[in-house]
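> As they're listed, the protein sequences go chains A and B. Residue numbering for the first sequence follows this note's numbering, starting at 1414 and increasing by one per position. Residue numbering for the second sequence follows this note's numbering, starting at 930 and increasing by one per position.
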Amino acid sequence: MNNNSIEFIKVEKSFVRDDGSRQVILDKVNFSIPAGKTTVIAGESGTGKSVTLKLILGLMRADGGQILVAGNDITQIRGRKLKEYRMRFGVLFQGAALFDSMTVYENVALPLRERTKKTDSEIKNQVLASLEQLELLGHEHKYPAQLSGGMKKRAGLARALQLEPEIMLFDEPTTGLDPVMTHEIYQLFAQTQKEVGFTSIIVSHDIPKVFNLADQVIVLNKGKMDVFPSPEAIQWSQKPHIKAFVKTTMGEIYQSHLVE
Amino acid sequence: MQANPIARLGNTGLSVISDLGRMGLYLLQMIEGCFRPPFRFAEFMRQLNFIGVGSLVVIFFTAASTGMVLGLQGYYSLHKFGAEGMLGSAVSLTLIMELGPVLTALMVTGRAGSAMCAELGIMRISEQIDALDCMAVDPFRYLISPKLLAALISIPLLTAFFDVVGIAGGYIAGVQLMGVNPGSYFEGMRNSVTNHDIWLGTVKSFVFAVMVVWICTGRGYFVHQLRGVGFGAGSVSKVTTQAVVFSSISVLIFDYLLTAVLL
């Protein structure tokens, strides 16, 4: 188990629209993500889920507040330190973000080539092993444009896992996948997390299925966050917007009524 | 919509200033990336091929037609004063100091600059640049600095190629078609073109190389942060148009400034 907990303290983020007005994405939000556990961030489109991931990665800067990762405030770090900090992450982007000009093999091998001193044959063995695990063997010489959505996601996942990250961020990992593949990807998450013990954050629309993986659920709404210690807890929330969210994503909760 | 026009003006001002600041830092990072190991030889060669070899044909046709037009027009103007013997020096000086560097930079902007901008723009909106950042791979060293180095080598060479082809074009139009004495065409050139003129043309081509790569790649790199270009594929197309326009205008402005300072 690692100590890579993440804590947001009064984090603010807003964007300036084209007409000059401000759109508040995160309004002084506080929450913490426990180390070695899986946190699912849910919420409607445009509520700032991906922004939250980018803030954690330091790809965007918060307008105010602190983001503590393993106890260190990362909102102020820059340059080489930021680079070292990012090395601890594995990220699966929404559209997989594979490099168009490289084959699947080259994509998956890139982090190993750039960040490790492994020899070509070691890299080859490792890459082919993970491609086999993700059922991509035989497609290693294809370019991303020749792959289906699911294959791209799997290749992106293979690339993200190469450096054995301490924290994994998944931005909509199963969007565009068929139910069988979704299930397999989820199993793979659970399995690798068990083996590696990374802290994982999943931004997903795939509710309620993704809740099977969740230790904690965070729902984003209008710049505010509601944190639930378990997927079950969200269903019993009395807040109107959470009730509405549960109803649209999971359907009516079964309750027995006595007909009077 | 924001109703207050003063606030809007202020916001526009702020965004222009932050854009300039961003581009300034971008230029520094791009130059710094050229000096930090490891050197990306394969990517550098790919860019050299794309910017340099790939532009040869378009530069050849531009230079040939420019040189021939200069030969013809120069002949008609000089003929009025009976000074056809000056044709060689007029054509060569115009090409070496002015048209060679400027037209080469403009053609490279249109052909390679637009492609570089679109490539980086697409990489940005499809999160490929974020992915590089997350793997702690420096996008400058990996993607942008090899382009700058390739442009710094290929644009001056393309300019030299432009000058030679243009002078040959002037020779064909002036000497072969209009009957100017070939000896006086080349002798006039030899007498009037100095090392300083060639140096001026070369300095311009180096400066233009930096400007083209800086502006074209920079617009694509920051496509997500620019206001008023929208999102997605539309933003990349708008930003590519912007890059070509800005880069061309900057080349023309700097052409005047460099001439004024260095002549």
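No residue lacks a Cβ here, since even glycine has one placed at the ideal position from N, Cα and C. Keep in mind the model is a prediction, meaning the values are calculated, not measured.
At a Cβ threshold of 7 angstroms, is residue 1562 of chain A touching chain B?
To locate residue 1562 of chain A, count along the first sequence from 1; it is residue 149. No - not a single Cβ of chain B is within 7 angstroms of the one on residue 1562 of chain A.
> Just checking: is the beta-carbon of residue 974 of chain B within a distance shorter than 7 angstroms of some beta-carbon in chain A?
Counting from 1 along the second sequence, the entry for residue 974 of chain B is found at position 45. False, the Cβ-Cβ gap to chain A never drops below 7 angstroms.
> Opposite residue 1503 of chain A in the DSSP bridges: which residues?
As a working mapping, residue 1503 of chain A is identified with position 90 in the first sequence. DSSP, once it has assigned bridges, lists A:1581 as partnering residue 1503 of chain A.
> How is residue 1612 of chain A classed by DSSP in three states: helix, strand or coil?
Within the first sequence, the letter at position 199 stands for residue 1612 of chain A. Residue state, collapsed to three classes: strand.
> From residue 1161 of chain B to residue 1541 of chain A, what does the alpha carbon distance come to, in whole angstroms?
Here residue 1161 of chain B is taken as the residue at index 232 of the second sequence, counted from 1. Here residue 1541 of chain A is taken as the residue at index 128 of the first sequence, counted from 1. Roughly 34 angstroms between the two C-alpha positions.
> Write down every uninterrupted run of the alpha helix (DSSP H) in the stretch 1073-1105 of chain B whose length is 4 residues or greater and which is fully enclosed by it, in chain order.
Within the stretch 1073-1105 of chain B, the complete alpha helix (DSSP H) runs of at least 4 residues are 1074-1100.
> From residue 1474 of chain A to residue 1093 of chain B, what does the alpha carbon distance come to, in whole angstroms?
Residue numbering aside, residue 1474 of chain A sits at position 61 when the first sequence is read from its first letter. Residue numbering aside, residue 1093 of chain B sits at position 164 when the second sequence is read from its first letter. Approximately 51 angstroms between the Cα atoms of the pair.
> Do residue 1025 of chain B and residue 1127 of chain B have their C-beta atoms within less than 7 angstroms of each other?
For the purposes of this step, residue 1025 of chain B is taken as residue 96 along the second sequence, with counting starting at 1. For the purposes of this step, residue 1127 of chain B is taken as residue 198 along the second sequence, with counting starting at 1. In this structure, residue 1127 of chain B lies closer than 7 angstroms to residue 1025 of chain B by Cβ.
> If contacts are defined as beta-carbon pairs under 8 angstroms, then residue 1152 of chain B and residue 1527 of chain A qualify, I think. What distance do you get, rounded to the angstrom?
To locate residue 1152 of chain B, count along the second sequence from 1; it is residue 223. To locate residue 1527 of chain A, count along the first sequence from 1; it is residue 114. Going by Cβ atoms, the distance from residue 1152 of chain B to residue 1527 of chain A rounds to 24 angstroms, so no, they are not a contact pair.
> Please classify residue 1048 of chain B: is it buried, with 16 or more other beta-carbons within 10 angstroms of its beta-carbon, or exposed?
Locating residue 1048 of chain B in the second sequence gives position 119, where the first residue counts as 1. That one is buried.
> Measuring only between beta-carbons, confirm whether residue 1500 of chain A sits less than 7 angstroms from chain B.
Sequence index remark: in the first sequence, residue 1500 of chain A carries index 87 (1-based). Closer than 7 angstroms: yes.
> Measure from the C-beta of residue 1602 of chain A to each C-beta in chain B and report whether the shortest distance is under 7 angstroms.
Taking the first residue of the first sequence as 1, we reach residue 1602 of chain A at position 189. No, residue 1602 of chain A lies away from the interface with chain B (no Cβ there is under 7 angstroms from its Cβ).
> Just curious, the alpha helix (DSSP H) that residue 1591 of chain A is in, first and last residue?
Position 178 of the first sequence, counted from the start, is the residue given in the question as residue 1591 of chain A. Segment: none, residue 1591 of chain A is in no alpha helix (DSSP H) and carries neither H nor E.
> Between residue 1106 of chain B and the ligand HEM, is the CB less than 6 angstroms from at least one heavy atom?
The ligand HEM is not part of this structure, which contains no ligands at all.
> For residue 1144 of chain B, which residues from the same chain have a beta carbon less than 7 angstroms from its beta carbon, with the 5 sequence-adjacent residues on both sides left out?
The residue labelled residue 1144 of chain B in the question sits at position 215 within the second sequence. Cβ within range, chain order: 1172, 1175, 1176 and 1179.
> Might you give, ordered along the chain, the residues of its own chain that have their beta carbon closer than 8 angstroms to the beta carbon of residue 1656 of chain A, omitting 5 neighbours on each side?
Taking the first sequence and counting its residues from 1, one reaches residue 1656 of chain A at position 243. Around residue 1656 of chain A: 1650.
> Report back the beta-carbon spacing between residue 1029 of chain B and residue 1115 of chain B to the nearest angstrom; my notes put them in contact at under 8 angstroms.
Here residue 1029 of chain B refers to the residue found at position 100 when the second sequence is read from its first residue. Here residue 1115 of chain B refers to the residue found at position 186 when the second sequence is read from its first residue. With a Cβ gap of about 18 angstroms, residue 1029 of chain B and residue 1115 of chain B do not count as contacting.
> Can you give me the start and stop residues for the alpha helix (DSSP H) that residue 1574 of chain A sits inside?
In the first sequence, the residue the question calls residue 1574 of chain A occupies position 161. 1562-1574 is the extent of the alpha helix (DSSP H) around residue 1574 of chain A.
> Count the other CB atoms, across all protein chains shown, that sit within 10 Å of the CB of residue 1190 of chain B; report buried if there are 16 or more and exposed otherwise.
Residue 1190 of chain B sits at position 261 when you count from the first residue of the second sequence. Residue 1190 of chain B comes out exposed.
> Could you please tell me which residues of the stretch 1052-1064 of chain B, in chain order, have their CB closer than 7 angstroms to any CB of chain A?
Answer set for the stretch 1052-1064 of chain B: 1055, 1056, 1057, 1059, 1060, 1062, 1063 and 1064.
> Measure the alpha-carbon distance for residue 1422 of chain A versus residue 1469 of chain A and round it to whole angstroms.
By 1-based counting over the first sequence, the position of residue 1422 of chain A is 9. By 1-based counting over the first sequence, the position of residue 1469 of chain A is 56. Residue 1422 of chain A and residue 1469 of chain A: Cα-Cα distance of roughly 12 angstroms.
> Are residue 1104 of chain B and residue 1111 of chain B close, meaning C-beta to C-beta below 7 angstroms?
Position 175 of the second sequence, counting from 1, holds the residue named residue 1104 of chain B. Position 182 of the second sequence, counting from 1, holds the residue named residue 1111 of chain B. Yes, the pair counts as a contact, with Cβ atoms nearer than the cut-off.
> For residue 1522 of chain A, report the span of its alpha helix (DSSP H) as first-last.
Taking the first sequence and counting its residues from 1, the one referred to as residue 1522 of chain A is at position 109. Here the alpha helix (DSSP H) through residue 1522 of chain A covers 1517-1528.
> Using only the alpha-carbon positions, how far apart do residue 1071 of chain B and residue 1490 of chain A sit?
Locating residue 1071 of chain B in the second sequence gives position 142, counting from the first residue. Locating residue 1490 of chain A in the first sequence gives position 77, counting from the first residue. Cα to Cα, the separation comes out at about 22 angstroms.
> Considering only the alpha carbon of each residue, which of A:1654, A:1637 and A:1645 lies closest to residue 1461 of chain A?
Along the first sequence, one-based indexing puts residue 1461 of chain A at 48. Here the closest residue by C-alpha is A:1637.
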